[in-house]
Structure formats: structure tokens, C-alpha cells
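Q:
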Amino acid sequence: MNKIFKMAIRNLMRYKRRTLLTALLITVGILTVILFSGLAGSFKEMMIGQITDSNLAQMQIHKKGYVSSIDSMPLNLNLSPKEYKTIEKILQDHPDVVAYAPRIKLSAMLSNYAETTNIRLNAVDPEKETMVCPDVGNRMVFKDNVREKIFVKPGEIIIPKNLATGMKIKAGSPVVIVAQNKDGSINGLNFTVAAIIESVLGPQGKEGYIHIKDARTLLRMEKPEVTEIAIRIKNFNKLNAVYADLKSSLLKFKNKKGGLIFEIHTWEKLSPFVNIANMIDIMTISMKLIMIAIVLISILNVMIMSVYERIREIGTMIAIGTSPNKIMGLFLSEGFFLGLISGIAGNVIGIAGIYLLNIFKIRFSFGRMDNLILSPAININELFWLTAIVLLVSVFATLQPAYKASKMEPVDALRHV
Amino acid sequence: MALVQIENVSKTYQMGEVPVKALQDVSLSIEEASFVSFVGPSGSGKTTILNLIGCLDKPTAGDVFVAGEHVNLLNRRQSAAFRGSVLGFIFQSFNLLPVLTAYENIEYPLVMIRNISQSMRSKAVQKVLKAVGIMEQKDKFPDQLSGGQKQRVAVARALVTQPKLVLADEPTANLDKKSAVNVIQLMRSMRDEFGTTFIFSTHDPKIMKEAEVIFTLEDGMLVN
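Line by line, the protein sequences are chains Y and F.
Heads up: take any position in the first sequence, counting from 1, add 15, and you land on our numbering.
Heads up: take any position in the second sequence, counting from 1, add 232, and you land on our numbering.
Take a look at the structure:
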């Protein structure tokens with residue numbers, strides 16, 4: 016076997032320029048995949064992080080039917096205190112749930128005493144909310160840029176940036192919020208603007224914040240109802256498993272008609288970014304397919320040429336008694352080593368490229384979010400699989416020329432000029 | 233039984249739609265340790281008969297026996313194994329493997345075909361290197377050797393497995409006169425030293441004189 020490998024490597028070195036060009040082509044293919052995967056993966060993870068850690072949370076539980084009518088923010092689909100307790104018990108018992116936070120969602124009118132506009136509000140318990148969305152405060156600009164530990168206190172409101180700009184509202188400004196409760200009665204409360212919040216992607220990314228106690232007062236709730244429960248889990252990679260677990264626990268609760276009482280959704284069902292994330296995945300797969308095509312065609316081409324140029328040599332080897340398997344093994348080794356050399360070079364240059372991209376930080380804007388910094392990364396598993404695919408495709412591309420070489424008739428091969 | 237027994241062998245090639253009779257009803261036998269030459273003009277069937285003896289091709293009719301084996305009946309894999317164990321080949325264009333040194337070319341059949349140990353290989357290669365007189369050139373690649381040196385490496389490669397029979401198709405055709413005579417004399421001395429049967433083809437009268445047994449072919453028929 017060593018002799019075959021030695022001959023294979025020497026045969027590759029025999030046609031240095033051709034080997035170099037082919038290896039270069041494959042290396043560039045691998046480099047492109049690594050850089051694209053690194054950048055696109057980083058963008059995707061960052062955006063998902065932004066959405067789940069500063070706004071949506073990783074999962075949400077609602078009363079059944081709420082999400083399908085989420086745009087109108089209905090107040091008659093709130094969870095009762097008893098239902099909240101039931102869900103709370105399930106969440107407290109689940110080992111993978113690290114935090115949960117109750118929220119009340121409402122639509123209201125915002126007035127700065129000169130102008131009035133509508134506003135979507137997220138009423139939260141700030142301490143619990145920070146546990147579920149640890150980056151929520153990062154989006155807020157407080158008065159004099161002094162960040163408060165509890166980002167919203169009773170009597171305070173956080174206004175979305177676009178509204179604040181349009182209505183010339185600043186942190187510290189007094190405003191009035193007027194809202195209608197589920198019984199149709201209208202109530203108003205005075206607030207002080209505690210901070211201005213930057214938007215994130217998605218309809219829920221442009222909501223203001225008030226304290227949950229204020230929402231209950233504003234909506235004149237007799238009992239402490241909740242619109243949704245936001246959830247954070249220990250390991251984001253286990254999202255689907257925890258979701259399935261919680262869903263099956265919630266499925267047990269049915270109303271008198273036998274219908275479900277609760278519904279649970281992951282961020283993917285709640286944010287439009289999932290379509291962009293899917294598109295990124297499709298593009299990454301497309302890049303890999305292009306790389307596979309590059310490896311397949313370039314190695315197939317090189318090996319076909321190699322067999323054609325060495326017909327007499329193959330004839331000699333067969334004539335002196337080399338078995339067809341060893342002839343095949345020789346050519347398969349050549350394809351394998353060409354893939355291996357290219358794979359190693361592609362990985363090394365790719366890692367260097369990722370390192371350089373991290374040194375020269377790439378800043379970009381997405382939607383209303385500015386100054387986002389990409390931190391491209393690629394994990395060892397992905398590099399391993401990428402190399403494995405390149406090697407597999409290299410050997411596969413060599414199969415036909417190698418088989419052809421092994422099946423040559425020595426008398427014809429020796430006669431070849 | 234003779235080392236090579238050819239009985240009523242014919243071989244017809246199809247050149248497009250025209251059948252070409254390369255050999256017609258040839259019968260002959262060759263004894264062990266003999267030094268045999270097939271002579272005749274181009275197209276007389278010398279290469280064809282060597283290919284049949286060397287299990288590189290199969291006859292259209294008749295039977296070929298080599299070292300007691302009915303070689304017509306061997307399949308591809310069996311033929312390869314038989315060639316590796318019983319036969320040695322020397323080619324007109326030397327046919328050394330360009331990526332291997334002289335030493336590695338000679339060692340090739342022992343590694344790739346016989347699969348014998350490193351120490352045994354080393355002994356066998358050293359022995360033939362010394363016998364053919366190219367010890368100094370053992371680490372050179374084929375493109376660093378002269379024609380005569382290449383053919384000596386080819387002779388060594390053919391002999392290293394200690395075959396019963398070495399087939400050489402026009403082994404001197406690409407050599408100058410001096411080198412050609414040297415190579416034939418080398419082959420003969422190898423026959424004397426190792427007792428190997430040599431069969432070679434040539435159309436050079438000076439070379440054919442070196443043979444002990446000469447078969448003359450004309451238009452695919454044995455005439456002498």
C-alpha cells in the first residue's frame with residue numbers, strides 16, 4: 016500500500032503545473048465555502064441572537080389562537096391567573112428552562128400633549144424580562160446615557176426610536192398613554208419616558224415597554240392576566256427538543272369542547288427572519304454543491320487525462336503482472352491525494368481568512384439596525400465534514416478513469432503510441 | 233513437456249472490416265534454458281507470437297502451453313498472476329516506470345506482484361543490479377539514464393522475480409550497435425547464470441546470430 020501511495024504522490028508531482036492548478040481550483044472552492052459559511056453563519060446567529068435575546072425570547076406560550084390574530088393584539092385571549100400558574104408549574108419543573116417572563120401586549124394611543132399616535136406596547140416584569148431577554152437593555156438609550164439596572168419602573172415608558180424621532184420625544188419627556196380594555200372602556204395614564212429603544216427585525220421589534228403593573232392598571236384588569244409567557248432555555252441547540260417536551264405537556268390541557276387551551280411557538284414561528292435564515296441555509300448548501308461540482312469536474316478531468324497519457328505505462332504494469340485492483344488503487348490514490356492536498360490547503364487558507372475577517376471587523380446595517388459587527392466562525396465539525404466531502408467526491412470522480420485503467424487490455428495498451 | 237509448446241496456433245486480427253492473419257497454423261516447442269530468437273521482417277508475426285506466449289493475447293485457434301499451463305484458458309486475473317510468477321518482459325522502448333528510480337523499477341514486481349519482505353527484496357534487487365552492472369545508477373530515474381542503461385534496468389526487472397521465461401520484443405531496436413550487442417550478451421550471460429529461458433524477437437542479422445535457436449516467420453507462417 017505504501018508503494019502505491021508513494022507512486023501516486025510522485026505521479027501527481029510529475030505533472031506539477033496541472034496538479035497545482037487543479038489543487039488551486041479546489042482550494043479556492045473550499046475557501047469560498049468556508050468564508051461564506053463563516054460569514055453567513057455568523058450573520059444568521061447574530062440576527063437570531065438579536066431577535067431572541069433582546070426581544071422575542073426563544074419560545075412563547077399563548078392562549079390558543081392568539082398567534083393567528085397577533086397583529087390585532089387581542090386582549091380577550093389572555094391567560095387567566097390560574098392558567099398562568101399551571102404553565103408556571105410546567106416551566107419550573109422542566110430542567111432545561113432557565114427563565115420565563117409574563118408579558119401583556121397591548122395597542123394604545125401615545126400623546127406628547129401636542130401630537131397623538133398609536134403605539135404597540137409590551138408590558139413586562141423587568142427583572143424577569145431581563146432573565147429571558149438579557150440583551151433587551153442594550154437596545155435602550157437612557158437619559159444622560161446612564162443605564163438603569165431595572166430598565167422600566169412603574170410610571171415609566173420606553174418609546175421606540177422611530178416614534179420618538181417622529182414625535183420629538185426624548186428620555187425624560189412626559190407622555191400620556193390611552194388604551195381600551197377588553198370590555199371597551201378607555202383609560203389613560205401619565206408616564207415619563209425612561210429610554211428610547213432601537214428597533215429590531217420583525218413586528219414585535221418596534222414595540223415600546225411599560226411595567227406590567229401599569230398595564231394592569233391601564234387596562235383595569237381585575238385579575239392579573241398575562242398575554243404571553245416568554246421562555247429561555249439552557250442550551251439553544253436543544254430548542255426543538257425542549258419545544259417538543261413543553262408542547263406535549265401543554266397538549267394535556269383541553270377546554271370543555273375538547274379543544275386545546277394553550278399554544279407554544281419557537282422564535283421561528285414568530286419572526287419573519289426565519290425566511291432569511293432558511294435562505295441563508297439554502298445559499299450555504301448551494302455553495303457546497305458548487306464546490307462539489309468543482310471538485311468532481313476538475314478531478315475527473317485531470318484523471319481522465321492522466322489515464323490517457325499513461326496508457327503504455329498502464330500496459331507495462333499489467334503486462335508484468337500487476338493486478339487490476341492495484342492499478343485501480345493507484346489511480347484512486349492519486350485522486351484521493353489530490354483531494355487531500357487541496358482539502359488541507361483550503362482549510363488552512365480558510366481558517367486564516369476567517370481569522371483575518373475577525374481582525375478587520377466587518378460592520379453592516381440590517382433593516383433599522385446599524386453598526387452590527389460580524390464575527391465569522393467555523394467549527395471543527397464543519398471543516399471535518401467539508402474535507403470528508405472533498406475526499407469522497409475526489410475518490411468518486413476518480414472511479415471511472417481508474418476502472419478504465421484497470422480494465423485495459425495489455426496488448427492494446429502496449430501498442431498505444 | 234517443453235517449457236513452451238505451441239500447437240497449430242492461428243491469430244487473426246480485425247482491422248476495420250478486413251481480417252488480417254497475423255499467424256497461421258504455427259506449431260513449435262522451446263526447451264528450458266534455451267536462448268531463442270524469432271526473426272523475420274516487420275509484420276511477419278514476431279510480436280504476435282511473443283504476445284501469445286506472454287499471455288498478453290489469446291490465439292484465434294490452437295493451443296499455447298507455457299510451463300505446463302494451458303494459457304489460453306486463463307482469465308484476466310489468472311493471466312496477470314501467471315505473468316507475475318512465471319514470466320519476465322523486456323520491451324523495445326524499455327517501458328520503465330518514470331516515477332520510480334532504477335532500483336525501485338527493479339523492485340516493483342517484488343512489491344506489487346510478489347509482495348515479499350523488505351530484506352528479501354533488497355537481496356534480490358542487489359543481486360540483479362550487480363549482475364547487469366548498473367549498481368552506480370540505481371538511484372537515478374529513467375530520464376537520467378542512457379538507452380543501454382535503461383535496457384539493463386529492464387533486463388534486471390525481468391529477472392528479479394527469477395522467472396522461468398523472459399520474453400523480449402525487439403529489445404535492441406532502440407539501441408546503438410554497441411549497446412545492442414551488450415544487451416544481448418547480457419541476456420545470454422543471465423541465461424547462463426540463472427538458467428532462465430530467453431525468447432526475443434529481432435530483424436537485425438547481427439543480433440539474431442547470438443541466438444542458439446532461431447525461428448523464422450514470414451507472413452505469419454513458420455518457415456524455418
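Note that beta-carbon positions come from the ideal geometry of N, C-alpha and C, so glycine has one too.
Compare the Cα-Cα distances from Asn316/Y to each of Thr337/Y, Pro287/Y and Glu349/Y and report the closest residue.
A: Asn316/Y has its Cα closest to that of Glu349/Y, out of Thr337/Y, Pro287/Y and Glu349/Y.
Q: Count the other CB atoms, across all protein chains shown, that sit within 10 Å of the CB of Asn362/Y; report buried if there are 16 or more and exposed otherwise.
A: Under this definition Asn362/Y is a buried residue.
Q: Can you tell me whether Met453/F is helix, strand or coil according to DSSP?
A: Reduced to three states, the DSSP call for Met453/F is strand.
Q: Measuring CA to CA, which of Tyr335/F, Ile348/F and Ser349/F is closest to Val357/F?
A: Closest option to Val357/F, Cα to Cα, is Tyr335/F.
Q: Going along the chain, which residues of its own chain have a beta-carbon closer than 7 angstroms to the beta-carbon of Lys176/Y, five neighbours each way excluded?
A: Within the same chain, Lys176/Y has close Cβ partners Ile211, Ile212, Glu213 and Ser214.
Q: By the 10 Å Cβ neighbour count, where 16 or more other Cβ atoms means buried, how is Lys269/Y classified, buried or exposed?
A: Lys269/Y is exposed by the Cβ-count criterion.
Q: Looking only at C-alpha atoms, which of Leu319/F, Lys396/F, Ile238/F and Phe430/F sits nearest to Val296/F?
A: The shortest C-alpha separation from Val296/F is found at Ile238/F.
Q: If you compare alpha carbons, which of Val258/F, Asn304/F, Thr448/F and Ser325/F is closest to Gln383/F?
A: With distances taken between Cα atoms, Gln383/F lies closest to Ser325/F.
Q: Buried or exposed for Leu266/Y, please, with buried defined as at least 16 other CB atoms from any protein chain shown within 10 angstroms of its CB.
A: Its Cβ having fewer than 16 others within 10 Å, Leu266/Y is exposed.
Q: Look at the alpha carbon of Thr429/F and the alpha carbon of Ser269/F, and state the distance between them as a whole number of angstroms.
A: Cα-Cα distance, rounded: 11 angstroms.
Q: Considering just the uninterrupted stretch of the alpha helix (DSSP H) at Phe323/F, what are its terminal residues?
A: Element bounds for Phe323/F: n/a, residue is neither H nor E.
Q: Quick one: which unbroken alpha helix (DSSP H) runs of 4-plus residues sit fully inside the region 324-409 of chain F? Chain order, please.
A: Taking only runs of at least 4 residues, the alpha helix (DSSP H) segments lying wholly in the region 324-409 of chain F are 334-340, 350-364 and 379-391.
Q: Going by DSSP in three states, Lys284/Y sits in which element: helix, strand or coil?
A: Helix, per DSSP.
Q: Looking at Thr280/F and Leu255/F, is the spacing between their C-beta atoms short of 8 angstroms?
A: Yes.
Q: In terms of DSSP beta bridges, what is Ile431/F paired with?
A: Answer by DSSP bridge pairing, in chain order: Val268/F and Leu399/F.
Q: What residue range does the beta strand (DSSP E) around Val405/Y cover?
A: Val405/Y -> not in any beta strand (DSSP E); alpha helix (DSSP H) instead, spanning Ile395 to Ser421.
Q: Throw me the rounded Cβ distance for the Val193/Y and Met302/Y pair, which I believe falls under 8 angstroms.
A: At roughly 52 angstroms, the Cβ-Cβ gap does not stay under 8 angstroms, so Val193/Y and Met302/Y are not in contact.
Q: Taking Cβ-Cβ distances below 7 angstroms as the criterion, which residues of the region 26-44 of chain Y are in contact with chain F?
A: Listed in sequence order: Asn26 and Arg29.
Q: Alpha carbon to alpha carbon, how far is Arg25/Y from Thr47/Y? Give it in angstroms, no decimals.
A: So the alpha carbons of these two residues sit roughly 29 angstroms apart.
Q: Measuring CA to CA, which of Gln376/F, Lys362/F, Asn337/F and Lys396/F is closest to Arg236/F?
A: According to the sequence as given, residue 236/F is Val; it is not Arg. Of Gln376/F, Lys362/F, Asn337/F and Lys396/F, the residue nearest in Cα terms is Lys396/F.
Q: Phe323/F CB to nearest chain A CB: under 8 angstroms?
A: You won't find chain A in this structure, because its protein chains are Y and F.
Q: Using 8 angstroms as the threshold, is the region 51-71 of chain Y in touch with the region 329-345 of chain Y, meaning 3 or more CB pairs across them?
A: Not touching, per the Cβ criterion.
Q: Tell me which same chain residues have a C-beta within less than 7 angstroms of the C-beta of Ala405/F, skipping the five on either side of it?
A: Taken in chain order, the residues that qualify are Gln324.
Q: Does the distance from the CB of Ser276/F to the CB of Gly452/F come in under 8 angstroms?
A: Yes, the pair counts as a contact, with Cβ atoms nearer than the cut-off.
Q: Does the contact criterion of 3 or more C-beta pairs under 8 angstroms hold for the region 415-423 of chain Y versus the region 336-351 of chain Y?
A: Contact holds: three or more Cβ-Cβ distances are below 8 angstroms.
Q: Nearest chain F C-beta to Thr331/Y closer than 8 angstroms, yes or no?
A: Interface residue, yes.
Q: If we call anything under 8 angstroms between Cβ atoms a contact, is Leu418/F one with Val364/F?
A: In this structure, Val364/F lies closer than 8 angstroms to Leu418/F by Cβ.
Q: Would you report the Cα separation of Leu414/Y and Leu347/Y, rounded to the nearest angstrom?
A: Looking at the two C-alpha atoms, the distance is approximately 7 angstroms.
Q: By the DSSP assignment, the beta strand (DSSP E) with Ser261/F in it spans what residues?
A: Here the beta strand (DSSP E) through Ser261/F covers Val250 to Ile262.
Q: Let's test the definition: count the other Cβ atoms within 10 Å of the Cβ of Gly64/Y and tell me whether it reaches 16, buried, or not, exposed.
A: Gly64/Y is exposed by the Cβ-count criterion.
Q: Applying the 10 Å Cβ sphere with the 16-neighbour rule, what's the burial state of Gln75/Y?
A: It counts as buried.
Q: I need the boundaries of the beta strand (DSSP E) containing Ser84/Y, first residue and last residue.
A: Looking at the DSSP string, Ser84/Y is not in any beta strand (DSSP E), and its letter there is neither H nor E.
Q: Taking Cβ-Cβ distances shorter than 8 angstroms, what residues in chain F pair up with Thr337/Y?
A: Here the neighbours are Ala312, Gly316, Met344 and Ile345.
Q: Less than 8 angstroms separating the beta-carbons of Ile102/Y and Phe277/Y?
A: Yes, they are a contact pair.
Q: Where DSSP assigns a beta bridge to Gln417/F, which residues make up the other side?
A: None; Gln417/F has no bridge partner.
Q: Just curious, the beta strand (DSSP E) that Lys243/F is in, first and last residue?
A: First-last of the beta strand (DSSP E) with Lys243/F: Val236 to Met247.
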